[in-house]
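The structure appears below as structure tokens.
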Amino acid sequence: MVKKRAQSGLKNRQKRSTEVAPDLTEEKPKAEHEAASRKDDRLIIVGIGASAGGLEAIEAFFQQMDPQSGMAFVLVQHLDPNHKSILSELVGRFSKMPVQEVTQSLRVEANHVYVIPPNRDLAILNNRLQLLDPSGPRHLRLSIDYFFRSLAQEARDSAVGIVLSGTGTDGTLGVRAIKGEGGLVLVQDPATAAYDGMPRSAIATGLADAVLQPAEMARQLLAYARNATFPYTLPAGGAPESLDERERLFVLLRSQTGHDFSLYKDATITRRIQRRMTINGIDTESDFIRLLQKSPSEVDALWKEFLIRVTQFFRDQEVFDALGTDVIPELLKRKSPDEEIRIWVPACSTGEEVYSIAMLIHEHLEDLGETRDVQIFATDIDQAALEVARAGIYPESIISDVSKERLARFFNKNKSAYIVGKELRRMLVFSSHDVIKDPPFSRMDLVSCRNLLIYMKTELQSRVLGLFHYALNENSYLLLGSSETTSAAQDLFTEFNRKLHLYQRRPRSEARYPRLPYSGFFQSMGLSGVVKGTKIRRNNEPTLREVTEGALLELYAPTCVVVDDAGNMLYVHGQTGRFLEATTGEANLNIARLARKDLSIHLSAAIREASATKKEVCYRSLRLEGNSGVLTIDLRVRPLPGKAPQRSGLLVLFEEVTPRGQPGDAETTQVADTALLERTTMLEQELASTREVLQTANEELQTSNEELSSTVEELQSTNEELLTSQEELRSVNEELLTVNAELEGKLEQLAEANADKENLLTSTEVGTIFLDLEKRIKWFSPIVTKIVYLIEGDIGRPVEHISHRLKDVDLPAVVEQVLDTLAPVDREVCDEDGSWYNLRVTLYRTENHAIGGVVVTLSDISEVRRAKQFALFHKLLESSPDATVIADAGGQIFMINKRAEALFGWSAKELKGRPVEILVPTRFQLQHRQHRERFLEAPRVRTMGLGNTLKCRRKDGSEFFGQISLSPIETEMGMLVYSAVRDVSEQQQAEQVLQRTNRIYQCMEQLDIAACTGPEQNGKLLRRLCREMVKRAGYTQCWISLKNGKGSSALPPAAQAGLPKKSRSSLDPALSALIGSNGVTVVRDIPTRTDHSDLRPLAQSWGFGAVALLPLMKGKLTLGTLGLHAEESWAFGDNELDPLRVLSRRLTDCFNEKKTMKTSEIKLS
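Written as structure tokens, this is what we have:
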């Protein structure tokens, strides 16, 4: 069962890592486009994640980005999956780089912007963007995390992740993945984000290299690209640029943080040093060390850069499957139920792996139905990461790593985060612990240390594996990372599962205590500081003097141990197995605890005396019994020479002397006997002092005992009297107990029944009142007080004294009727606010069916009645042959039918709650609102076909003539206005065309060609014609343009009517552009057309919807143009153009050269 749960987790997860780094430094000024000339040709790919409010930040970012930056940009935005995206068009407006929506597999190129399409996930593989169908429901998709993880695997240290405005936590896990590969992470300052959920979640990881405004991000990114070198590698030869410089850097780091990284692999250290140098714009390590000496904050940033942490829930699912099927069941099997299961997870980071192991163990214990003591020790040197682990609060995005079943079982959901439950927390102990320098834990059944050894040199790996071997019980398990082995300590472990890097502790023939933690001696001696300018020589390059001294020490120096004042071991020289031995249990470095039994007393006394007197203490000729016989030694304890400012130290020397029977035996024996005599005398003195103290305490106890004896006698006398009274009370108590038991049973039944009654009446939200036979209030539910004015003090009062909010209801009379007729009353009633209730008054009967009173209930049925009315309205609407619109008294649309949806182009959902004026053209909305208000002052039925015709507007802006009928309806919701609308556009248009045609002919009848005798008369005639066409024919504007002597149009127009003043002296360019054709030019439906866009603002300003231009032709010669504008967008059909063509020919006759002067001589005054 556990195996199935483990296998149900997500497979093939991508690795994430978390690192911490400080803000970037300010960009140094460079020449334009210098970012393109980086130190190598590897492409930097920038992933940008954004959601709500992100467009503004994206615009600010790209406006500051150099189009020749040499970087590629991939924009991942949360988009509506059901609508086409125009994001690429919007980004293209403010980016000078090519912007492209990803619709198929694309190769990523520098200086390009790629945009994710709707309803797709985006990944990158082999430098090509790939589209995938999204997995999971819409509200659980983490498209930013998905791409960031893919980008981290593809680009590694040349990946850049940017998190902009948005809600939720998407992008947080992706940020960890990018940092784990050595990439750069920038986050928008939450103060500048429209929605700060995503930025705050990313910042909370502690992994942001900088928190900036979007415009500053672009500048910092350009500076980063100029200085970056990918991949970060060691200099030629595989060594740092200077060993002395590197050692100085390590000492600086150790002095401030207390952690030593000198035995970490050079490649790992160099990559992170170069990354900090790139961020700070520094080229050499010597310059960087000077910065470290001046800036403690940069030392802290470098240390955090070294914290290589890769973690996530159930990372590498196969590993956790093996733990669940092979390791954990075996641990539970070999341990008895009362034995504790102990697990250690060093370098636990933010705790995801620790909690994953805890979940597996908890699931196994549940399947077995057992409860075991489980202790999981989770340690790390990063306090910030430990705080996250202790809190157990993780972003919502962990749903991609943890199954739904485990989320529901082990986590509590809180807004946009998951909190680990208490049942897992009880198993865990989080502690700050450096596996390199701190003593190990002991008696462990499993040690899980993944992806830590890979960063250490072989020497340090061997030491750490030795510590793990000591910490583990025999045949217990060690779990390492996918790239780690136990090759540095092959004699300590055997392979249990080679593929998954799972090992088992190998038993040793002899107990061996682990090597002391690395660099502890340096710290105890106060050598962790840095002397500026001091050169430090590497351990693998000793001088001849050091080699000689080391050889002499090995041959002649006695075995010694350096301890502190408390006896804790700091340094060991030589073989100490004959004098010290490791004990079982938790690790302890106190020398007195490790000393052999016959040496421990002398050793403790010597350390105390030497620490107090600061002088050497010596015990000579001490005899120790061992496997090889009796050993005689001199024990010396002396303070260390020299100055140790941070901590004092003691040097313990074990000097083997000549055994008995050898030369000097008598002298040695005498010295040893003298020492033993002195020691015996001292012990006798201590024993005498202890006896005196015990004698004094014994006398005090005897005095107290006599006092207590007297008190006991008095209490015995009192007790006898109480026993007599107790017998009398016991018989009475037995009777009371019997009665009390019966009463308690009844009280429990009554309490349960009363609680059930109150819960039932409260949960049903039915107002209830209980009345007795005298019609007095016995009980009422709280909800009934909204209708009937009742308070607690009204219990016992007659119902006649109680008032209520119900209309036309005499409650006392109804109650009296039920008591008289014994028949219930059930009817619908209304209160003062218009709410409706079902009033039901019934008899209340006791258990023996006797009438005990009356029950009054009030159930709110307002929603039911409204639903019925709505259903009735809807049925009536759909049965209507016309388009129907129902609005309330405030002019808000309440309901429309399907025919109205088809007629106006709006859906019922879109129109509900909107003002009815939305269905009227803008120019008529004020007038319509006034008509509606007058109608509501005296509402009456207005039948269709009695002149109620008005202009209506569709959703697309087109207009039509509608014939309207109005009917006021009184409802419980107030007055509603029922409007039936019928499209009569064709009929109305035909009538208007006929009327306009007749009026055009009337205008032509007034056109007196005989009066065209000269320029002045011609001008008057044309102006009169224009006025008549506007006034009589109903056009909005009419104008006549004539050719000048050179053949071009004469501006201003020769005659006009209806044109604005600014257009009378110069014809608008949009109209001038239409002149030139020898045929009739007609442009209809101007407000909705996509072409002739230059006419749309003019039409809106002048109030016309169609325009017609008719040339004034004399043979093949064009004399001018007659221009007409109509309000109706459908105007100038064939029936209307026929009389206009006749009119244009009549006008041409006015310019017969035989009768008049040249057209250019017409007076325009």
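Throughout, this note's numbering is defined as the position within the sequence shown, counted from one, plus 165. We put the beta carbon where it would ideally sit given N, CA and C, even for glycine.
query, result
"Within a Cβ cutoff of 6 Å, which residues of the same chain sit near Tyr360, ignoring the five residues on either side of it in sequence?", "Ala217, Gly218, Ser330, Gly331, Thr332"
"If we ignore side chains and look at the alpha-carbon of each, how far apart do Ile327 and Ala1291 end up?", "56 Å"
"Helix, strand or coil: how does DSSP classify Cys1315 here?", "coil"
"Just reading off the beta strand (DSSP E) that His738 is part of, what are its end residues?", "734-738"
"Going by CA-CA distance only, name the one from Ser562, Ala556, Leu611 that's closest to Lys587.", "Ala556"
"Name the two residues that bound the continuous alpha helix (DSSP H) containing Arg1097.", "1087-1102"
"To the nearest whole angstrom, what separates the beta carbons of Val340 and Phe313, a pair I think is in contact under 8 Å?", "7 Å"
"Do you know offhand how far Arg293's Cα is from Gln265's?", "14 Å"
"Can you tell me whether Gln378 is helix, strand or coil according to DSSP?", "coil"
"According to the Cβ coordinates, are Ala1065 and Ala1052 closer than 7 Å?", "no"
"Please go through the segment 549-602 and give each complete alpha helix (DSSP H) segment of 4 or more residues, from N-terminal end onward.", "569-575, 587-590"
"First and last residue of the beta strand (DSSP E) that includes Cys513?", "Element bounds for Cys513: n/a, residue is neither H nor E."
"Going by other Cβ atoms of all chains shown within 10 Å of its Cβ, with 16 needed for buried, is Lys1319 buried or exposed?", "Low confidence applies to Lys1319: its pLDDT is 40, below 50, so where it sits in the model is not reliable enough to give any reading."
"Are the beta-carbon atoms belonging to Val376 and Gln421 less than 7 Å from one another?", "no"
"Under a three-way DSSP split, which group does Tyr279 fall into?", "strand"
"Among Cys614, Arg941, Ser1045, Val737, which has the Cα closest to the Cα of Gly1017?", "Arg941"
"Identify whether Gln1128 lies in helix, strand or coil by the three-state DSSP scheme.", "strand"
"Over the uninterrupted beta strand (DSSP E) stretch that includes Tyr1200, give me the two end residues.", "Note, Tyr1200: premise wrong, no beta strand (DSSP E); not H, not E."
"Can you name, in chain order, every residue of its own chain whose Cβ lies under 6 Å from the Cβ of Cys1191, other than the five neighbours on each side?", "Cys1203, Ala1220, Gln1221, Ala1222"
"Around the C-beta of Gly1055, are 16 or more other C-beta atoms found within 10 angstroms, so that it is buried, or is it exposed?", "exposed"
"State the CB to CB distance for the pair Ile546 and Asp599, rounded to an integer number of angstroms; the pair is presumed to be in contact (CB under 8 Å).", "5 Å"
"Do Ala487 and Asn662 have their C-beta atoms within less than 7 Å of each other?", "yes"
"Counting only the same chain and skipping the five closest in sequence on each side, list residues whose C-beta sits under 6 Å from that of Glu518.", "Thr476"
"Check the C-beta distance from Val931 over to Thr1022 and give it rounded, since I have them as a contact under 8 Å.", "5 Å"
"If you count every other CB in all the chains shown that lies within 10 Å of the CB of His966, and 16 or more means buried, which is it?", "exposed"
"Mind reading off the beta-carbon distance from Glu821 to Ile798? Whole number of angstroms is fine, and I expect it under 8 Å.", "5 Å"
"What residue range does the beta strand (DSSP E) around Gln236 cover?", "Residue identity differs from the one stated: residue 236 is Met in this sequence, not Gln. Its beta strand (DSSP E) spans residues 236-242."
"Would you mind sorting Gln1160 into buried or exposed? The rule is 16 or more other CB atoms within 10 Å of its CB.", "exposed"
"Going by alpha carbons, who is nearest to Phe575 out of Arg411, Ser521, Lys1208, Pro604?", "Ser521"
"Could you pull the start and end residues of the alpha helix (DSSP H) that Arg341 belongs to?", "337-345"
"Just the C-alpha distance for Gln1157 and Glu1301, rounded to the nearest angstrom, thanks.", "10 Å"
"What residue does the alpha helix (DSSP H) around Ala225 start on, and which one ends it?", "219-228"
"Rounded to whole angstroms, what is the Cα-Cα separation between Leu1091 and Val1085?", "10 Å"
"In angstroms with no decimal places, state the Cα-to-Cα distance between Ala200 and Ala342.", "Confidence at Ala200 is low in this model, with a pLDDT of 40, below 50, so its placement is unreliable and no value can be given for it."
"Using 8 Å as the Cβ pair cut-off and three pairs as the minimum, do the segment 435-446 and the segment 625-635 touch?", "no"
"With a cut-off of 8 Å on the beta carbons, I'd call Leu789 and Leu796 a contact; round off their distance for me.", "5 Å"
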